[in-house]
Amino acid sequence: MSRFTLTVLADATRLATALAEQIQALSVAPGDDRLAIALSGGSTPQRLYETLAASPFATGVCWERLELFFGDERAVPPDDPASNFGMVSRALLAHVPVRAHRMVAERGEADAYARLLAERITARQDGIPVFDLVLLGIGEDGHTASLFPGTAALDERTRWVVMNDVPQLATRRMTCTYPILNAAKQVWVLAAGAGKRAIVAECLRAREIEGAQRHRPVVGVRPSTGTLTWWLDAAAAGEEA
Ligand code: 6PG
1 MSRFTLTVLA DATRLATALA EQIQALSVAP GDDRLAIALS GGSTPQRLYE TLAASPFATG
61 VCWERLELFF GDERAVPPDD PASNFGMVSR ALLAHVPVRA HRMVAERGEA DAYARLLAER
121 ITARQDGIPV FDLVLLGIGE DGHTASLFPG TAALDERTRW VVMNDVPQLA TRRMTCTYPI
181 LNAAKQVWVL AAGAGKRAIV AECLRAREIE GAQRHRPVVG VRPSTGTLTW WLDAAAAGEE
241 A
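In terms of this note's numbering, the sequence shown has 209 at position 209, counting the first letter as 1, and numbering is strictly consecutive.
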């Protein structure tokens, strides 16, 4: 069972700064191994990427040590405003020297992405690649990555990356699945703003309820041996700032 920590920062700016400090510390920690990080779309992660792209992090992070991947992607080309890769490119990749691997979701290349993960990331004994860090957001319906309530990807037990039909959005997205997310060394779930308060409270309660992940998929993210941290600002946590 994963170790779970809930950390609350006063506001979204302090949250992004605290997260950027953590990433900087990881990047300069002793060792020369590459660090594989899975990125998320969404507004809270975006603020973190913008923070990392600015002083002091743009020069303080050891970028050559990091290798960036994606936890999910919309089925659009990178120049589409909805593209997660496009957002990360504008917020971060255009400003710092870091290697990043895009999911080619518009062509449905989920198996190719899984092969890339297998080639680039050290695996545990059962062959599942182990991300050093996975960043996730929470949607207002409790989705995370592109694991949406009631969708087929929630039941995936063997493939690490799939195309997932999302009928409630009349779309299809590429997403990492629970087996690879839950193999990670560290998973961070990020949420900021009062708009997230209700779903955050509901999902924290739902963590205790068997089967709740079908309706609130973020609850199914429970690293088997790694750590899980929910990073919230006071507004999302329902605390006075
Ligand atoms: C995506 C994300 C998704 C996101 C949540 C929260 O591609 O949409 O990866 O899982 O993190 O929807 O997004 P917001 O913070 O913008 O609400």
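Beta carbons: idealized from backbone N, C-alpha and C, even for Gly.
The model shown is predicted, which means the values in this text are computed figures rather than measured ones.
Check: Pro45 C-beta below 7 Å from any heavy atom of the ligand MG: This structure does not include the ligand MG; its bound ligands are the ligand 6PG.
For Cys62 and Ser55, the rounded distance between their alpha carbons: 13 Å
Buried or exposed by the 16-neighbour rule on C-beta atoms within 10 Å, applied to Ile180: Looking at its Cβ environment, which holds 16 or more other Cβ atoms inside 10 Å, Ile180 is buried.
Candidates Ala18, Glu240, Gly60 and His101, of which the one nearest Glu73 by Cα: His101
Proximity test, His143 beta-carbon vs the ligand 6PG heavy atom, cut-off 7 Å: yes
Alpha helix (DSSP H) segment containing Val88, residue limits: Asn84 to Val88
Three-state secondary structure assigned by DSSP to Thr44: helix
Alpha-carbon to alpha-carbon, Glu239 and Pro70: It is worth fixing the name first, because residue 70 is Phe in this sequence and not Pro. C-alpha separation (whole angstroms): 31 Å.
Contact under 8 Å by Cβ, Thr51 with Ala16: Yes, the pair counts as a contact, with Cβ atoms nearer than the cut-off.
C-alpha gap between Leu135 and Thr144, whole angstroms: 10 Å
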